[in-house]
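A.B. asks: Residue numbers (my numbering): 496 to 819.
In this text, a Cβ means the ideal position worked out from N, Cα and C, and glycines have one as well.
One structure, pasted below without further comment.
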């Protein structure tokens, strides 16, 4: 369903179930402008992939036009999760802030959530934890519920050699061979983190189709010998941001994208070994810095990353709408 609301200077927001190719380009350009101004990407990777490719997940796009043309604001509302309820992310172009567009997009997102969910639930991510975003969320009836840290580490300092447990070797991910087995290990490793643990074959395919995907940087720890020979015990999927002329004004940064260990291999030190192996891979590509995201409440992971030289860089916050 698509409708047109009043002019943007009065808070008008247009709702669309699908974006045209021109609208996709406008949304991504707006997100790039906000990232360069704020120092944090305003939209998560999941939302960017949905904007680029559409997909099966139900989503509503909210767009606010600038008075002179172009896109001034955008919100993405994912209504596909019946367990946790709808989730939204929104961004306003730096040139059009302080005009009530963020609040108008928030009201529209709440309206979508109330139509999609009997309880009117809505989760909202604020990337970068800017005071203005928190103020908008709290004043709109949301409660702060989850904190995600971005941590960073220099790769110009020494990265120790990984010490793999006996009977474990590293090899790169092989497309066409490893997808099914990796998804199974990922689900077990992140059973308590549904955002990651629920990944499907389509979620994996979309990321493998991205320009940054590099099998050599997707490291698998596999068992050697015995009845479990060849099984995946853990993995470290690395990623490189920027440095490719994609519009971001920063040098390339490596990322510990997804790091997981099968529960059957816990206690062997495999997490540390995989972390170091991935960092050495990124350093070997000539990168000077690495980043990662970790839940503030995951004390074991925070301790691991702190031990190998990471420190908190920025913070993302999840808010949840207070409902009766």
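Are the beta-carbon atoms of residue 703 and residue 807 separated by less than 9 Å?
C.D. replies: The residue given as residue 703 occupies position 208 in the chain shown. The residue given as residue 807 occupies position 312 in the chain shown. Not in contact: residue 703 and residue 807 (Cβ atoms no closer than 9 Å).
A.B. asks: For residue 598 and residue 631, which I take to be in contact (beta-carbon distance under 8 Å), what is that distance rounded to the nearest angstrom?
C.D. replies: In the chain shown, counting from the first residue as 1, residue 598 sits at position 103. In the chain shown, counting from the first residue as 1, residue 631 sits at position 136. Rounded, the Cβ-Cβ distance is 6 Å, consistent with contact.
A.B. asks: Within a Cβ cutoff of 8 Å, which residues of the same chain sit near residue 774, ignoring the five residues on either side of it in sequence?
C.D. replies: Locating residue 774 in the chain shown gives position 279, counting from the first residue. Here the set comprises 648, 650, 654, 749, 751, 785 and 803.
A.B. asks: Under the rule that 16 or more other beta-carbon atoms within 10 Å means buried, what is residue 716, buried or exposed?
C.D. replies: Residue 716 sits at position 221 when you count from the first residue of the chain shown. Result: buried.
A.B. asks: Taking C-beta to C-beta, are residue 620 and residue 797 nearer than 9 Å?
C.D. replies: Within the chain shown, the letter at position 125 stands for residue 620. Within the chain shown, the letter at position 302 stands for residue 797. No, these two residues do not count as a Cβ contact at 9 Å.
A.B. asks: Give every residue of the same chain whose Cβ lies closer than 8 Å to the Cβ of residue 664, excluding the five residues on either side of it in the sequence, and list them in chain order.
C.D. replies: Taking the chain shown and counting its residues from 1, the one referred to as residue 664 is at position 169. Contacts found: 716, 717 and 719.
A.B. asks: To the nearest angstrom, report how far apart residue 606 and residue 635 are at their CA atoms.
C.D. replies: Position 111 of the chain shown, counted from the first residue, corresponds to residue 606. Position 140 of the chain shown, counted from the first residue, corresponds to residue 635. Cα to Cα, residue 606 sits roughly 12 Å from residue 635.
A.B. asks: Around the Cβ of residue 675, are there at least 16 other Cβ atoms within 10 angstroms (buried) or fewer (exposed)?
C.D. replies: Translated into positions along the chain shown, residue 675 becomes position 180. Counting Cβ neighbours within 10 Å, residue 675 comes out exposed, since fewer than 16 surround it.
A.B. asks: I'd like the span of the alpha helix (DSSP H) that includes residue 601, first residue to last.
C.D. replies: Within the chain shown, the letter at position 106 stands for residue 601. 596 to 611 is the extent of the alpha helix (DSSP H) around residue 601.
A.B. asks: Considering Cα atoms alone, identify which of 533, 818, 547 and 540 is closest to residue 736.
C.D. replies: For the purposes of this step, residue 736 is taken as residue 241 along the chain shown, with counting starting at 1. The candidate whose alpha carbon is nearest that of residue 736 is 540.
A.B. asks: Here's a check: name, in chain order, each residue in its chain whose Cβ is nearer than 8 Å to the Cβ of residue 643, leaving out the five neighbours to either side.
C.D. replies: Taking the chain shown and counting its residues from 1, the one referred to as residue 643 is at position 148. So the qualifying residues of the chain are 788, 789, 790, 791, 810, 811, 812 and 813.
A.B. asks: To the nearest angstrom, how far is the alpha carbon of residue 672 from that of residue 573?
C.D. replies: Along the chain shown, read from residue 1 onward, the residue named residue 672 stands at position 177. Along the chain shown, read from residue 1 onward, the residue named residue 573 stands at position 78. The alpha-carbon atoms of residue 672 and residue 573 are separated by roughly 31 Å.
A.B. asks: What does residue 811 pair with, by DSSP beta-bridge criteria?
C.D. replies: The residue given as residue 811 occupies position 316 in the chain shown. Its beta-bridge partners are 622 and 643.
A.B. asks: Since residue 710 and residue 668 should fall inside the 8 Å C-beta cutoff, what is the C-beta to C-beta distance between them, to a whole number of angstroms?
C.D. replies: Within the chain shown, residue 710 is the residue found at index 215, counting from 1. Within the chain shown, residue 668 is the residue found at index 173, counting from 1. Correct: roughly 5 Å between the Cβ atoms.
A.B. asks: Return helix, strand or coil for residue 503, following the three-state DSSP convention.
C.D. replies: Here the question's residue 503 lines up with position 8 in the chain shown. Because residue 503 carries a pLDDT of 36, less than 50, the predicted location of this residue cannot be relied on, and the following value inherits that uncertainty. It is helical.
A.B. asks: Let's test the definition: count the other Cβ atoms within 10 Å of the Cβ of residue 684 and tell me whether it reaches 16, buried, or not, exposed.
C.D. replies: Start at 1 with the first residue of the chain shown, and residue 684 comes out as number 189. With 16 or more other Cβ atoms within 10 Å, it is buried.
A.B. asks: Please return the same chain residues whose Cβ sits closer than 8 Å to the Cβ of residue 743, not counting the five positions on each side in sequence.
C.D. replies: Within the chain shown, residue 743 is the residue found at index 248, counting from 1. For residue 743, the pLDDT reaches just 46, beneath the cut-off of 50, and the residue's location in the model is therefore unreliable, leaving the point undetermined.
A.B. asks: Do you know how far the Cα of residue 721 is from the Cα of residue 755?
C.D. replies: Translated into positions along the chain shown, residue 755 becomes position 260. Translated into positions along the chain shown, residue 721 becomes position 226. Going by the C-alpha atoms only, they are around 22 Å apart.
A.B. asks: For residue 583, count neighbouring C-beta atoms within 10 Å of its own C-beta (all shown protein chains included) and say buried if the count is 16 or more, exposed if not.
C.D. replies: Taking the chain shown and counting its residues from 1, the one referred to as residue 583 is at position 88. Under this definition residue 583 is a buried residue.
A.B. asks: Which class does residue 750 belong to by DSSP, given the choice of helix, strand or coil?
C.D. replies: Here residue 750 corresponds to residue number 255 of the chain shown, with the count starting at 1. Note: residue 750 maps to strand in three-state DSSP.
A.B. asks: Measure from the alpha carbon of residue 689 to the alpha carbon of each residue in 794, 747, 578 and 799, then state which is nearest.
C.D. replies: The count along the chain shown starts at 1 and reaches residue 689 at position 194. It is 578 whose Cα lies nearest to the Cα of residue 689.
A.B. asks: Report buried or exposed for residue 556, applying the criterion of at least 16 other Cβ atoms within 10 angstroms of its Cβ.
C.D. replies: Along the chain shown, one-based indexing puts residue 556 at 61. The residue is buried, with at least 16 neighbouring Cβ atoms inside 10 Å.
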